[in-house]
Each structure stands twice: as C-alpha cells, then as structure tokens.
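The opening residue of the sequence shown carries number 1 in UniProt numbering; numbering runs sequentially from there. Positions of the beta carbon are idealized from the N, C-alpha and C atoms, including for glycine. All values reported here derive from a predicted model rather than from experimental measurement.
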Amino acid sequence: MADDLEDASIVSLEGSYDQAIWDETAPLEAMVADLNEIGRIEDVVLSAEGQMLGLTTDVGGFLGIGEKTVLIPLDDIRLIRTEDDDEVSVVTRLDQDALTDLPEVDLDD
1 MADDLEDASI VSLEGSYDQA IWDETAPLEA MVADLNEIGR IEDVVLSAEG
51 QMLGLTTDVG GFLGIGEKTV LIPLDDIRLI RTEDDDEVSV VTRLDQDALT
101 DLPEVDLDD
C-alpha cells in the first residue's frame, strides 16, 4: 500500500461537505463533487509499531525554492482507489492555505 501512495495525487475538498459523511469514510462521490488537486504524496510516515501516522507533501515556494515538507495527519485524509484505473488518490479536508500553515517536518529525524 505504501508504494501505491508515493507520488499519488492529493485533492482538496472545495466548498462545504457533510462532517458526518467524512467521519463515516463514505465513498468519494457522497462527499463532494468539487475537488482541487493540490499536490503529490512525498512519503508515508509510520510509527515505530508500523501504524500509518500521516502523509507528507511539499507546499509553498516556487519551482522548488522556498517550499517545505509538511505532515498531513491521518485524521485529515481519506484514501480513495479510483474504479477506472485502480490508482490511489488522497482526499484531504485541508485547503492549500491550511497545508501551508502546517509546521515543517524533518524526515531525517
């Protein structure tokens, strides 16, 4: 599964959505029609016990200058496998501004 996630697209919910649907991990179509691609998965972050803690992506900057790596917590993402091409996409309820406001993480630690 981790290999499927690396370099998968991250899409953000645009507009309002039903929190109860998000909490129930309903199918993507039930959440919202408007999605905005905001990045790609850089890495999967696991705990010492092997549990997924979240996903990292690069935000901010221009052409790689001034960007930072942030951790999107597991509570703020849903993994969606598309029926058409059997690829994995990540849906987050965080928009681009919220991602940019997340603290930078150092994956070397």
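Distance between beta carbons of residue j and residue i, contact taken as under 8 Å
i, j, result
"residue 46", "residue 72", "About 14 Å; that fails the 8 Å criterion."
"residue 95", "residue 12", "5 Å"
Residue j beta carbon less than 9 Å from that of residue i
i, j, result
"residue 10", "residue 40", "yes"
"residue 123", "residue 43", "Since the first and last residues shown for the chain are 1 and 109, residue 123 lies out of range."
"residue 74", "residue 53", "yes"
Distance between residue j and residue i (C-alpha atoms, nearest Å)
i, j, result
"residue 70", "residue 50", "20 Å"
"residue 36", "residue 104", "22 Å"
"residue 146", "residue 76", "For the chain, the structure presents residues 1 to 109; residue 146 sits outside this window and is missing."
"residue 30", "residue 62", "Any reading at residue 30 must be qualified, since the residue scores a pLDDT of 46, below 50, and its modelled position is unreliable; no value is offered."
"residue 38", "residue 80", "15 Å"
"residue 68", "residue 93", "20 Å"
"residue 58", "residue 8", "13 Å"
"residue 78", "residue 89", "8 Å"
"residue 48", "residue 60", "29 Å"
Beta-bridge pairing of residue i - partner residues as DSSP gives them
i, result
"residue 79", "90"
"residue 39", "10"
"residue 54", "45, 73"
"residue 59", "68"
Residue i CB to nearest heavy atom of the ligand GDP below 8 Å
i, result
"residue 59", "Summarising the ligand content, the structure contains no ligands, and the ligand GDP is consequently not present."
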